[in-house]
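All the letters of the sequence shown, read from the start, carry residue numbers 625 to 744 under this note's numbering.
Where is the CB? At the ideal position from N, CA and C, for every residue including glycine.
Owing to the predicted nature of the structure, the values given are computational and were not obtained by experimental measurement.
Presented below is the structure to which this report refers.
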Amino acid sequence: MKKNIVKKCLEMFTEIQENAEDYKKFYEQFSKNLKLGIHEDTANRQKLSELPRFHTSKSGEDQISFKDYIARMKEGQKSVYYITGESRASVAASPFLEGLRKRGLEVLYLVDPIDEYMVQ
């Protein structure tokens with residue numbers, strides 16, 4: 625029964641993603657739960673990893689998926705760059721980003737405490 629419920633939920637989440645405004649509302653409410661699921665649910669980790677959205681050094685007020693980040697990586701970029709912190713403002717002002725900005729690299733802002741567990 626648990627497998628079927630999880631499967632239906634994942635299908636529903638995928639459907640909600642098709643409408644950006646609906647997904648934004650959904651994500652504001654359940655982002656921490658989705659990220660916790662990535663950390664704890666190894667069987668569905670791949671499917672769940674498509675759901676989180678992140679602010680980046682180039683996204684402004686918008687949030688992007690990890691898949692979008694990968695698609696926007698510079699040619700020859702082999703690493704994913706991210707920075708953790710308490711808020712978007714604090715990570716955006718970090719001196720650690722200066723070198724990456726000069727090279728034109730996009731950096732994911734991970735500002736929820738659960739983000740550090742999720743990326744492991």
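heavy atom of the ligand ATP below 8 Å from residue i C-beta
{"i": "LEU724", "result": "Inclusion of the ligand ATP in the displayed structure is not the case, the ligand content being empty and no account of it being possible."}
Residue i, DSSP secondary structure in three states
{"i": "ARG727", "result": "coil"}
{"i": "ALA733", "result": "The sequence as given places Tyr at residue 733; Ala does not occur at that position. Looking at TYR733 - three-state DSSP - the assignment turns out to be strand."}
{"i": "SER718", "result": "coil"}
CA-to-CA distance, residue j to residue i, given in whole angstroms
{"i": "LYS702", "j": "ALA716", "result": "22 Å"}
{"i": "GLY709", "j": "ASN628", "result": "37 Å"}
{"i": "VAL735", "j": "SER711", "result": "5 Å"}
{"i": "THR638", "j": "LYS691", "result": "14 Å"}
{"i": "ILE625", "j": "GLY684", "result": "Per the sequence shown, the amino acid found at residue 625 is Met instead of Ile. Cα-Cα distance, rounded: 42 Å."}
{"i": "SER673", "j": "TYR706", "result": "16 Å"}
{"i": "LYS632", "j": "ASP686", "result": "28 Å"}
{"i": "SER655", "j": "TYR733", "result": "14 Å"}
Span of the alpha helix (DSSP H) around residue i
{"i": "THR638", "result": "626-641"}
{"i": "PHE690", "result": "690-696"}
{"i": "PHE650", "result": "644-664"}
{"i": "LYS671", "result": "669-672"}
Span of the beta strand (DSSP E) around residue i
{"i": "TYR706", "result": "706-708"}
{"i": "PHE678", "result": "677-680"}
How do the segment 674-691 and the segment 651-666 stand: do at least 3 beta-carbon pairs fall below 8 Å, yes or no? Yes, the segment 674-691 is in contact with the segment 651-666.
Indicate whether the contact test is met: 3 or more Cβ pairs, each with one atom in the segment 660-671 and one in the segment 687-695, closer than 8 Å. Between the segment 660-671 and the segment 687-695 there are fewer than three inter-stretch CB-CB distances shorter than 8 Å, so the stretches are not counted as touching.
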